[in-house]
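Trainee: Residue numbers (the numbering used here), protein chains in the order written: chain Z, 545 to 1122; chain R, 4 to 121; chain W, 1313 to 1691.
Input: one structure, supplied below.
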C-alpha cells in the first residue's frame, strides 16, 4: 500500500501547474486536464491521492468546436470523487491517451466512447466497436449524426401533432428515403465480415501445448443461448472443458438510450430509465432524479424520501431473490429455487403495482418527490412483508441452499475476483463487496436519507462464487433491516416538494447522481444548457462496467463455471446494451 | 436355450420397426421448407467458425483406454460371482489377489494423474 | 419350433414394447406434474382430465414438426443415431421378469410373464445398456455442431466411467443371488430383499443409473445452461422424440432393473409372504407389485431432479473414478466375504455384509468430505 495523502481540498492546478486548471464554466466543477498530462495526472490521482476506483468515463460532444472526455474517480474508503476532463478540438482524428493501463476498468468504456463518439484512445489494448456492429458508419452520439427518420433535435417533435392528432413519422417517410449512405454504397452488394476482428483478438491464444496437438475450439455462447440471461454473447476458446480465452460481445439490445435521452425533455426521460435494468425500475428512477435534483438544486419532500428508500430496498430484495433463484438454475437445479424466489417477488411487485400502477416499469419518481402516495392498506402490507415473510424467505433459502453439498462443491473456491483486481476493474456492488472491499454508495457517500438508518455494509472476504451468493443473502437481510426502520419512521406529509409540472426548468451545469443499485453503482451524468432537454445524458451502468473483467474472471475456469460467473455478475441486458 | 435368444431377436426387430415408423411419420407429416440458413448448424445464432467435428481433447481417449482396462476386469468378476459358492475360500483368496493387482494399476493411474480432469 | 411359439413371442414382445411406450408417455406427464407440485405450480392440466391426454397432444405436435438436418452433417449416421439410442432402451426390458407364469384359458397353454429368461440375464443388461452410448456419440459426431460434439463426448466419457461401478453392482447382486438369471435373483429375495443385505450397493446402483440415463444431477451431456441441448441440439421433430423416448424408457427400465436386483422384483413385500396377497397366490399381482416399486423409484429420480443442482463435469468424473469405483470394489469383496462366513459359520453371519458396507460407505463419505474441505482451503 502506498501512503495516501489525506487532502481535504485536492488542488490539481497547484500540483500540475500549467496542465491542470479548474473548470470555471457556470455550473461545472473540478478540473480540466491537458491531454498530454492525462496519464500522469491519472496515475497521481490513483497512487498519491487514493482515488483507486474509476467510476465512469464518458464523452461529451460540445458541437461544433470541441469534444470532451470526462473521468470520475472515487476512493474506496468513501467520500466525494474527483472529476477531471480532457478537452480536444473536434477535428478528426480525435485522439486521447487511454487510461486503461491505469484503471483496467476503463477498457469497455473507452471502447464505447470510440464507438459512439469516434474518439480514438491511443495505447488502448483492443479498440473495437462495442455496441454498434463492425462496419457501422459514423459515430451516433455525435451531435451532427442523424438517424433514419430524423426530424429535429429535440422532443416533442412538432411534426407529430399537426392538428393535435398523432402521426407516426415512419408513415410519412418511406423506408430508405431518409437513410444516409456513404458514397458509392450499395446495400445489396456490400458484405461486411464483422466477426473477423473479434476472432482475431481470440486467435492469439490458440497455442499448441506439449507434444500432443489438441484443437482449441472457438465456441459462441450466445446470443441465443439459455445461459446468457438475454442476448449477450461470449466468444469462447475452449481446450476441452477449460476456457482459454473469452471475449464478451454485446450490443444486440442497443438502442442508443443516451441519444434518446438527449432528445427527450428532462421529465420524459424518467420512464426511459425504467427500461435500463428492468428488474429495478425503482432504483433506476432514483439515480436519475438525484442527478437532475442536484442540477435544479431542490430538496426532496420528507415523506417522498422514505417512499424512495422503501421502494428501492424492496426492489433490491426482489432482485437478489431472483438472482439466487436463477443462479441455481444456471447451476442446473431445475427451476425449483427460481420458482420459490418468484413467490415473494410477486408480493413485492404487487406493492409496486398498487403504488405506481405497474409491476415492472414503475416510472415512480418525480423531481422533488414521487408520483403517487401509498394507497390505503399498502403500508400494512409492506409491514407484513418486512416483519414476517421476507425474513422467513431469507431463512428458507439459507436452509435450502447454503449447506447443500453439491452447491458448495460448485461454488466454493471458484474465485471470481480478488479485492485488488476488483477495484482495478471498477467493479461495484455485491461482487466488489464479496471480494472484501466494504464499498457501498449508501455509506461511502450517503444519498437520500440513508445516513439516518442503522444498517451494515454486507461484506465477505473470499471473492469466490460462494461468497457472491452469501453476500446476496446478507444484503437481503440488511435491506429488511432498513425497511423495518423506514416503515416505523415514515412521516406524514406531502410527497413532492414541487408543484406538478410537465416541464422543469433546469439551470445550466453538470451533475453526477449515483446510487447503490442492486447490481452496483448506478450513476447518471447529466449536462444541462438551460434548455428543456439535457445536452448530455450518460448512464453509468453497473452491468456494463462489471462485465469488463469477465475475461479475467473466466480464463482457466471450466465452461460450467462461466455460466455461474455470469450469473453472479447479475447482468441485465437492458442496462448492458442501453 | 436358443429359443430365448430368438425371443430377443423378435423384440429387436419389433423395436427397430417401431423406431423406423416413428421417423417415417415425422418425415411424412412434417413440413419441409428447407433453406440454407435453416440448415446451418446451431451455435447460439452465430455462423459457426471452423468445422463442427474435429480432433477431440486427448483426455477423452485416456478415459476410454482406462475404461477398457477396468471394464475387462469387471467382466472377469461376473463368472467368478456365479460359481463363488462352489469355490469357497479359495475363490475369495483368488479374487483378493486379483483385486490387489487391479488396485496397483489403479493407484498407478491415479498417481500419474490420469484421473485428474484439469 | 412351432407357430404358436412364434405368435407368443411376437405378442409378448408387442405387449412389452407397448407397455414401455405407454409408460414413457405417462412418465413425462408424471414427471411434469410431480415437478410442478414440488415447485408450487400446477403443471399441465388442460388436455383432458388432469392433463391425461397431454402426452397424446405432445406426440401429435412432434409428428407435425419440421425435421431439420444440418448442412454438412453425416446424413446416414444422423438418422441412425436416434434409432440406435431408442432400440436398446426398448429391448432392455426383455429379460426382466414381470411375474411368474399363468395358464392361458381355453388353450391350456402356460405363459411366462417375461419375454425371455436367458441364463446370462445380467450380462445382457450390461451389454445392451452400453450400446446406447453409441447412439449418443454418433448423434454428437454426425451433427456437425460444436455443442453436440462436446455433449456427445461428455456423455460417452461419463457413461463409460459410471458403467464400471454399475457392473460391479451387478456383480454384487449375482453374488447374493448366486445366478446370472434375473428370475433366480428375484426368487432369492423371497424372504429378504438384497437392499437390506447390501444397502450401500443399492445406493451406488441408483446413483450410477442416474448417470447412465443422464438424469440430474448428472445430466451433463444435455446441460442446458452450458451446451444448449448437448448431443441432440440439432435434432427436431420425431428424431428428437426418439432421444427423448430413449431417455424416459431407460428410466423406466432401469427402475425395473433396480427393483429386480435389490427390491425383490415382482415379489410381494416380505410381510405379505404366505398371505392371499402373495404372487404365488395370484399371478397378476406380480406386475402390479413391480409397477408400484417402479413408480416409487421413478419418483426418487424426479425428486432428485427437482432439488439438486448439477455437478460440475470434472467433479463428476472424479466422483465416478475416485469414489464409486474403489467403493464398489470394496463392496464386492465385502459381499463375498460375508457369503463365505455365512456358509461356514451359519446364516447369521450374512449380517456382516450390511455392517461392513455401511462402514465402508461412511469412510468414503468422510474422505470425500475431507478432500472437499481441503480443496476449498487451497483455493
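Ideal Cβ placement from N, Cα and C applies to all residues, glycine included.
Remember, it's a predicted structure, so these values are computed and weren't measured experimentally.
Output the distance between the C-alpha atoms of residue 1483 (chain W) and residue 1524 (chain W), rounded to the nearest integer angstrom.
Mentor: Along the third chain, one-based indexing puts residue 1483 (chain W) at 171. Along the third chain, one-based indexing puts residue 1524 (chain W) at 212. Roughly 17 Å between the two C-alpha positions.
Trainee: Could you compute how far the alpha carbon of residue 1415 (chain W) sits from the alpha carbon of residue 1585 (chain W)?
Mentor: Within the third chain, residue 1415 (chain W) is the residue found at index 103, counting from 1. Within the third chain, residue 1585 (chain W) is the residue found at index 273, counting from 1. Those two C-alpha atoms are separated by around 22 Å.
Trainee: Taking a Cβ distance cut-off of 8 Å, strictly less, list which residues of the stretch 998-1023 of chain Z are near chain R, in chain order.
Mentor: Result list empty, no residue passes.
Trainee: Kindly indicate if chain R contains any beta-carbon less than 7 Å away from that of residue 1545 (chain W).
Mentor: As a position in the third chain, residue 1545 (chain W) is number 233, starting the count at 1. It does; some Cβ of chain R falls within 7 Å.
Trainee: According to the Cβ coordinates, are residue 1554 (chain W) and residue 1394 (chain W) closer than 7 Å?
Mentor: Reading the third chain from its first residue, position 242 is the one you call residue 1554 (chain W). Reading the third chain from its first residue, position 82 is the one you call residue 1394 (chain W). For residue 1554 (chain W) and residue 1394 (chain W), yes; Cβs fall inside 7 Å.
Trainee: Grab me the residues of residue 1392 (chain W)'s own chain with a C-beta within less than 7 Å of its C-beta, minus the 5 sequence neighbours each way, in chain order.
Mentor: Numbered from 1 along the third chain, position 80 holds the residue referred to as residue 1392 (chain W). Excluding sequence neighbours, residue 1392 (chain W) sits near 1450.
Trainee: Is the beta carbon of residue 874 (chain Z) sitting closer than 7 Å to the one on residue 1039 (chain Z)?
Mentor: To locate residue 874 (chain Z), count along the first chain from 1; it is residue 330. To locate residue 1039 (chain Z), count along the first chain from 1; it is residue 495. No. Outside cutoff.
Trainee: Which partner residues of residue 611 (chain Z) appear in the DSSP bridge assignment?
Mentor: One-based indexing of the first chain puts residue 611 (chain Z) at position 67. Residue 611 (chain Z) is bridged to Z:605 and Z:632.
Trainee: With distance defined between alpha-carbon atoms, name the residue in Z:669, Z:692, Z:921 and Z:819 nearest to residue 899 (chain Z).
Mentor: In the first chain, residue 899 (chain Z) corresponds to position 355, counting from 1. The shortest Cα separation from residue 899 (chain Z) among Z:669, Z:692, Z:921 and Z:819 belongs to Z:921.
Trainee: Contact criterion: CB-CB distance below 7 Å. Does residue 1276 (chain W) meet it with respect to chain R?
Mentor: Since the first and last residues shown for chain W are 1313 and 1691, residue 1276 (chain W) lies out of range.
Trainee: Counting pairs of Cβ atoms below 8 Å between the stretch 1084-1095 of chain Z and the stretch 1055-1063 of chain Z, do you hit three or more?
Mentor: Yes, they touch.
Trainee: Report yes or no: do three or more beta-carbon pairs, one from the stretch 1476-1491 of chain W and one from the stretch 1640-1652 of chain W, lie closer than 8 Å?
Mentor: Yes, the stretch 1476-1491 of chain W touches the stretch 1640-1652 of chain W.
Trainee: Taking the runs of the beta strand (DSSP E) that are 3 residues or longer, which of them lie wholly in the stretch 1401-1453 of chain W?
Mentor: Qualifying beta strand (DSSP E) stretches, in chain order: 1413-1416 and 1421-1424.
Trainee: Locate the alpha helix (DSSP H) running through residue 98 (chain R), then write down its first and last residues.
Mentor: Working through the second chain from its first residue, we reach residue 98 (chain R) at position 95. Element bounds for residue 98 (chain R): 92-114.
Trainee: Compute the beta-carbon to beta-carbon distance between residue 1508 (chain W) and residue 1666 (chain W), rounded to the nearest angstrom, for a pair I have assumed lies under 8 Å.
Mentor: Residue mapping note: residue 1508 (chain W) aligns to position 196 of the third chain, counting from 1. Residue mapping note: residue 1666 (chain W) aligns to position 354 of the third chain, counting from 1. With 8 Å as the limit, residue 1508 (chain W) and residue 1666 (chain W) qualify as a contact, their Cβ atoms being about 7 Å apart.
Trainee: How many Å lie between residue 968 (chain Z) and residue 868 (chain Z) at the Cα?
Mentor: Start at 1 with the first residue of the first chain, and residue 968 (chain Z) comes out as number 424. Start at 1 with the first residue of the first chain, and residue 868 (chain Z) comes out as number 324. Near 26 Å, if we compare the C-alpha coordinates of residue 868 (chain Z) and residue 968 (chain Z).
Trainee: Quick one: which chain W residues come within Cβ less than 9 Å of residue 97 (chain R)?
Mentor: Residue mapping note: residue 97 (chain R) aligns to position 94 of the second chain, counting from 1. Those within 9 Å of residue 97 (chain R) in chain W number zero; the least Cβ separation is about 10 Å.
Trainee: Buried or exposed for residue 801 (chain Z), going by 16 or more other Cβ atoms inside 10 Å?
Mentor: Along the first chain, read from residue 1 onward, the residue named residue 801 (chain Z) stands at position 257. Label assigned to residue 801 (chain Z): buried.
Trainee: By Cβ distance below 8 Å, which residues in the same chain neighbour residue 1568 (chain W) in space, the five residues on each side in sequence not counted?
Mentor: Residue 1568 (chain W) sits at position 256 when you count from the first residue of the third chain. Within the same chain, residue 1568 (chain W) has close Cβ partners 1405, 1408, 1602 and 1606.
Trainee: Would you please verify whether the beta carbon of residue 1618 (chain W) is less than 7 Å from any beta carbon of chain Z?
Mentor: For the purposes of this step, residue 1618 (chain W) is taken as the residue at position 306 of the third chain. Chain Z, which has a Cβ nearer than 7 Å to the Cβ of residue 1618 (chain W), makes this yes.
Trainee: Return helix, strand or coil for residue 773 (chain Z), following the three-state DSSP convention.
Mentor: Residue numbering aside, residue 773 (chain Z) sits at position 229 when the first chain is read from its first letter. It is coil, neither helix nor strand.
Trainee: Taking C-beta to C-beta, are residue 558 (chain Z) and residue 577 (chain Z) nearer than 7 Å?
Mentor: Within the first chain, the letter at position 14 stands for residue 558 (chain Z). Within the first chain, the letter at position 33 stands for residue 577 (chain Z). No, the Cβ-Cβ distance between residue 558 (chain Z) and residue 577 (chain Z) is not below 7 Å.
Trainee: Rounded to a whole number of angstroms, what is the C-alpha to C-alpha distance between residue 766 (chain Z) and residue 1382 (chain W)?
Mentor: In the first chain, the residue the question calls residue 766 (chain Z) occupies position 222. In the third chain, the residue the question calls residue 1382 (chain W) occupies position 70. Taking the straight line joining both Cα atoms gives about 19 Å.
Trainee: Quick test of the definition: if touching needs 3 or more C-beta pairs under 8 Å, does the stretch 592-605 of chain Z touch the stretch 1016-1025 of chain Z?
Mentor: Output reads no: the stretch 1016-1025 of chain Z does not touch the stretch 592-605 of chain Z.
Trainee: Closest to residue 910 (chain Z) by C-alpha separation, out of Z:701, Z:815, Z:937 and Z:881, would be which residue?
Mentor: Along the first chain, one-based indexing puts residue 910 (chain Z) at 366. If we check each option's Cα against that of residue 910 (chain Z), Z:815 comes out closest.
Trainee: Can you name the residues that DSSP bridges to residue 764 (chain Z)?
Mentor: As a first step, residue 764 (chain Z) is located in the first chain; it is residue number 220 there, counting from the start. Answer is Z:779.
Trainee: Can you find the residues in the same chain that come closer than 6 Å, C-beta to C-beta, to residue 893 (chain Z), ignoring five residues on each side of it along the sequence?
Mentor: Start at 1 with the first residue of the first chain, and residue 893 (chain Z) comes out as number 349. Taken in chain order, the residues that qualify are 903.
Trainee: Output, in sequence order along the chain, the residues in the stretch 1332-1355 of chain W whose CB is closer than 9 Å to any CB in chain Z.
Mentor: From the stretch 1332-1355 of chain W, only 1347, 1350, 1351, 1352 and 1353 have a Cβ closer than 9 Å to chain Z.
Trainee: Please classify residue 82 (chain R): does DSSP put it in a helix, a strand, or coil?
Mentor: Counting from one through the second chain, the residue named residue 82 (chain R) turns up at place 79. The answer is helix: DSSP assigns residue 82 (chain R) an H, G or I state.
Trainee: Tell me whether residue 1514 (chain W) is buried or exposed, calling it buried when 16 or more other Cβ atoms sit within 10 Å of its Cβ.
Mentor: For the purposes of this step, residue 1514 (chain W) is taken as the residue at position 202 of the third chain. Flag for residue 1514 (chain W) reads buried.
Trainee: Roughly how many whole angstroms lie between the Cα atoms of residue 866 (chain Z) and residue 885 (chain Z)?
Mentor: Here residue 866 (chain Z) corresponds to residue number 322 of the first chain, with the count starting at 1. Here residue 885 (chain Z) corresponds to residue number 341 of the first chain, with the count starting at 1. The alpha-carbon atoms of residue 866 (chain Z) and residue 885 (chain Z) are separated by roughly 6 Å.
Trainee: Closer than 9 Å, Cβ to Cβ, to anything on chain W: give me those residues from the stretch 858-880 of chain Z, in chain order.
Mentor: Residues passing the 9 Å Cβ filter: 872, 873, 874, 875, 876, 877, 878, 879 and 880.
Trainee: Residue 1138 (chain Z) bridges to which residues according to DSSP?
Mentor: Because chain Z is modelled from 545 through 1122, residue 1138 (chain Z) falls outside the range shown and cannot be assessed.
Trainee: Going by DSSP in three states, residue 1035 (chain Z) sits in which element: helix, strand or coil?
Mentor: Counting from 1 along the first chain, the entry for residue 1035 (chain Z) is found at position 491. Note: residue 1035 (chain Z) maps to coil in three-state DSSP.
Trainee: Cβ atoms of residue 653 (chain Z) and residue 601 (chain Z): under 7 Å apart, would you say?
Mentor: Indexing the first chain from 1 puts residue 601 (chain Z) at position 57. Indexing the first chain from 1 puts residue 653 (chain Z) at position 109. Cβ distance < 7 Å, so residue 601 (chain Z) and residue 653 (chain Z) count as in contact.
Trainee: Let's see if you can read the secondary structure: which residues bound the beta strand (DSSP E) around residue 1373 (chain W)?
Mentor: Here the question's residue 1373 (chain W) lines up with position 61 in the third chain. Element bounds for residue 1373 (chain W): not the beta strand (DSSP E) but the alpha helix (DSSP H), 1366-1375.
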